[in-house]
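Be aware that the sequence shown starts at 28, since it is given in my numbering, and climbs by one per residue.
Cβ coordinates follow ideal geometry from the N, Cα and C atoms, glycine included.
Accompanying notes for the structure given below.
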Amino acid sequence: MPTLADITTLIPVAVFVLAALVAALVLARRGAQSKADRRILADYGRVPEVRRDDLSHLKPYHEAFAEAHPNARRLDGTTWNDLGMDEVFLRLNVCSSSVGEEYLCHMLHELRENRGDLDGFERLVRWLDAHEPERLRLTKLLGAVGKRRHNGLSAYLFHAGAKRLKHPWLYAALAALPLSGLALVPLLPGAGISLTLVSVFVNILVYYRSRLALEKEFDAMRYFSALVYGAKAIDGRLGEELRALGIDLKAPLKPFVKTHGLVPGNVRNGMAELESLVIIAKSVFLVDLMLYNHTVGLMLRHARALNALFETVGKLDAALSVASFRRSLPRFCEPEFREGGGIGFSGMYHPLLANPVPNSARIGNDSIVTGSNASGKSTFIKAVAVNCILAQTIGTCCAESFSLDFFYVATSMALRDDILAGESYFVAEVKSLRRILEYCRAQRCAVFVDEILRGTNTPERIASSVAVLRTLHETGSLCLVASHDVELTSILAGVYDNYHFSEKFEGGEITFDYLLKEGPSRSANAIRLLESLGFEQRIVEEARAFLETAEHKM
C-alpha cells in the first residue's frame with residue numbers, strides 16, 4: 028500500500044511526464060504546420076499537375092451570373108471550347124477553395140471593357156507576390172474554407188427565393204405540437220400523452236423525409252457556413268492590409284456574422300451520446316428545417332452582401348492563382364491597351380506549351396496565315412487568341428510585350444458534325460461564321476478562324492471564303508485566319524495582309540522552325556509527309572503525278 032510520502036514523491040514525476048507529453052504534442056503539431064507551410068511556399072510558382080478533369084462543378088456560378096447580367100462582354104461556349112480554355116483554367120488553377128475555383132473560372136469568361144476594371148485586381152496580385160508571410164497566411168485561411176464539388180451555393184446567390192420551403196408556418200405549428208401535448212398532460216393526461224406521442228412520430232417522419240429531399244440544400248448551407256467562418260478569419264488576420272488595397276470583407280460579412288454554426292445539419296459536439304440527443308431534439312422539433320428557411324430568408328434579404336462576400340473571397344483565391352501562374356512562366360507581361368489599334372506582341376507564346384517558340388509581330392490589319400501541315404499556323408492563332416483573353420480577364424500575357432484594343436474575342440475552329448441534330452460539318456461551320464458576323468456588327472471584335480469552310484469542295488470553299496472574309500473586313504473588326512488555301516492570299520491582296528510558316532526538307536526529314544514570317548506561303552508538304560512517314564513509293568509517285576497533270580491514274 029503506497030504511503031502518502033510515496034504519492035507525494037510521484038507527483039513531480041507525473042507532472043513532468045504530463046508536461047513532456049504536452050510539449051511533444053505541441054512540437055509535433057508545430058512540425059506538421061511547418062511542413063505544410065514549406066509545401067505551400069514551395070508550390071508557389073510551380074506549374075500545377077494538369078489532369079484532364081470535368082469542370083461542370085465550376086460552371087454554375089458563372090452560368091447564374093450570366094443569366095443575371097446578360098449584357099456583359101463574355102466568351103461564348105464555342106470560343107471557350109475552340110481555344111481549350113478548360114485546359115488553360117487548369118494550368119492557372121491553384122485555388123485553395125471551391126469559391127476561388129468557381130470565381131477564377133468565371134473571371135476567364137468575362138472580358139473587361141476598360142483598364143480600370145483590371146487595376147484593382149492587378150494591385151492585389153502584385154501585393155500577394157511581394158508579401159510572402161501574408162500570402163502564406165491567406166492560402167491557409169482559404170484552405171479552411173475548403174473544396175466541395177457541386178456544393179450548390181451559387182444557386183443561392185441569385186435565386187434564393189426559389190429555395191425557400193413552402194408553408195413555413197406549418198413547420199412552426201408541427202414543432203409546437205409536442206410541447207402543447209406535454210402542457211396538456213396535467214389537465215387531460217390521456218389526450219396530452221396521445222398528442223405528444225403522435226406529434227413526435229409525425230415530426231420525426233416529416234423531418235427525415237424532408238431531410239432526404241433537402242440533403243443537397245443542407246450541403247450548400249454547410250458550405251455557406253464554411254465561407255462565413257473563413258471570411259471572418261481572413262478579415263480578422265488580414266483585414267487591415269486588405270482594406271488598404273480597397274478590399275473590404277467586414278461590410279458583406281455583417282449580416283451573416285452570427286450564422287456560423289446556426290445552419291442545418293451542423294452537429295459537432297465531440298460526444299456521441301450528446302450528439303444523439305441533439306439529433307433527436309432536432310428531428311422532434313424540426314429545427315433543421317426552420318433553420319434552413321431562416322438562413323435562406325437571410326440570404327434573400329441580404330442578396331447583395333452575399334454576392335459581395337462570395338466575390339471577394341473568390342477574388343482573393345483567384346489572385347493567388349494568377350500570382351503563382353505568373354511566377355511559373357518563362358516570361359510574362361501586363362498588356363498595354365491602345366484604343367482603335369491592332370494587336371502587337373514580342374516573344375509571345377501559348378501558355379500550354381512546354382517548350383514554346385516565341386513569335387513577334389504587329390498585326391494592324393486583317394491577316395491570313397498560310398503554311399504547310401503541322402507548320403504551326405493553327406497553334407499561332409490560338410496563342411494570339413488566348414493571350415487576348417488573358418489580357419482582358421486577368422491582366423496577364425504570355426509574352427515580353429503585348430498590346431491590343433479591348434476586343435470581343437470570337438473564334439471558329441474546333442467544329443464537328445452534330446449527329447444528334449442532323450447537322451453536317453459544313454452546316455456547323457456556316458452557323459459558326461454567321462454568329463461571328465453578328466458579333467462583329469454589334470461591336471469591335473478580334474476574330475480567329477482556323478481553316479475557313481473546309482467542310483465543302485474547293486471551288487465553293489474559295490468563293491464562299493472570299494465573300495465571308497470581305498464582309499468581316501467591312502465590319503471594322505480584326506480578323507486572323509489560318510488557311511491552307513493559298514489562293515485566298517492573292518484574291519484578297521490589299522484587303523488582308525499575309526503571314527506564313529515554313530519548313531525544311533533535308534535527308535528525307537521535315538523540320539519546322541515555327542517562326543512567323545511575312546508574306547504568303549510558297550510551299551506544300553503533304554506529299555513529302557507521305558514519303559517521310561513511310562508510305563509506299565508507288566503512292567507517293569502517283570500523288571506527285573496527279574498534282575502535276577491533274578489527271579488521276581488508276
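query: Proximity below 9 Å, CB of Gly368 to CB of Glu427; result: no
query: Own chain, CB closer than 6 Å to Gly371, minus 5 neighbours either side, in chain order; result: Arg389, Ser430
query: For Phe92, the nearest candidate out of Glu575, Glu501, Ala335 (CA to CA); result: Ala335
query: Where Met248 sits in the DSSP three-state scheme; result: helix
query: Thr538 versus Lys531 - alpha carbon distance; result: 5 Å
query: Pairwise C-alpha distance: Glu140 and Phe434; result: 8 Å
query: Unbroken beta strand (DSSP E) run spanning Asp524, endpoints; result: 524–528
query: Spatial distance of Gly503 from Arg471 (CA atoms); result: 7 Å
query: Sub-9 Å separation of Ile416 and Ala509 beta-carbons; result: no
query: Bounding residues of the alpha helix (DSSP H) (the contiguous stretch that carries Asp477); result: That residue, Asp477, is in no alpha helix (DSSP H); its beta strand (DSSP E) goes 472–477.
query: Exposure label - Gly422; buried when at least 16 CB within 10 Å; result: buried
query: When Gly546, Asn386, Leu519, Ile479 are compared against Asp540, the one with the closest alpha-carbon; result: Asn386
query: The region 211–227 in contact with the region 147–159 per 3-pair CB rule at 8 Å; result: no
query: Leu102 versus His136 - alpha carbon distance; result: 5 Å
query: Inter-residue Cα distance where the pair is Ala187 and Phe245; result: 13 Å
query: C-beta contact flag for Leu119 and Val349 at 9 Å; result: yes
query: Per-residue burial, Leu74 [other beta carbons within 10 Å of its own, 16 or more giving buried]; result: Note that residue 74 is Val in the sequence shown, not Leu. Burial call: exposed.
query: Cβ neighbour criterion (16 or more within 10 Å) applied to Ile479; result: buried
query: Short Cβ contact (9 Å threshold) for Val121 with Leu347; result: yes
query: Other residues of its chain near Arg65: CB distance less than 8 Å, five sequence neighbours each side excluded; result: none
query: Residue from Pro87, Asn98, Asp146, Ala99 with nearest C-alpha to Tyr130; result: Pro87
query: Between the CA atoms of Met440 and Ala401 - distance to the nearest angstrom; result: 16 Å
query: Sheet register partners of Ser394 (DSSP bridge); result: Leu507, Asp524
query: Inter-residue spacing [alpha-carbon to alpha-carbon] between Cys132 and Cys467; result: 25 Å
query: Tyr198 versus Ile274: straight-line alpha-carbon distance, rounded; result: 40 Å
query: Which of helix, strand or coil DSSP assigns to Phe588; result: Lying outside 28 to 581, the shown extent of the chain, residue 588 is not represented and no answer is given.
query: C-beta contact flag for Val493 and Leu110 at 9 Å; result: no
query: Three or more C-beta pairs below 8 Å linking the region 322–332 and the region 275–286; result: yes
query: Range of the contiguous alpha helix (DSSP H) that encloses Met134; result: 125–134
query: Per-residue burial, Asn230 [other beta carbons within 10 Å of its own, 16 or more giving buried]; result: buried
query: Residues near Gly449 in its chain [Cβ-Cβ closer than 6 Å; skip 5 each side]; result: For Gly449, the predicted model reports a pLDDT of 44, less than 50, meaning its position is unreliable; a value from the coordinates is still stated below. Excluding residues within five positions, none has a Cβ falling inside 6 Å.
query: Buried/exposed call for Glu128, threshold 16 Cβ in 10 Å; result: buried
query: Simplified DSSP state of Asn382, which is helix, strand or coil; result: coil
query: Three-pair Cβ contact test at 8 Å for the region 391–398 versus the region 507–524; result: yes
query: N-terminal and C-terminal residue of the beta strand (DSSP E) that Val436 is part of; result: 435–439
query: Pair within 9 Å by beta-carbon distance, Thr420 and Leu380; result: no
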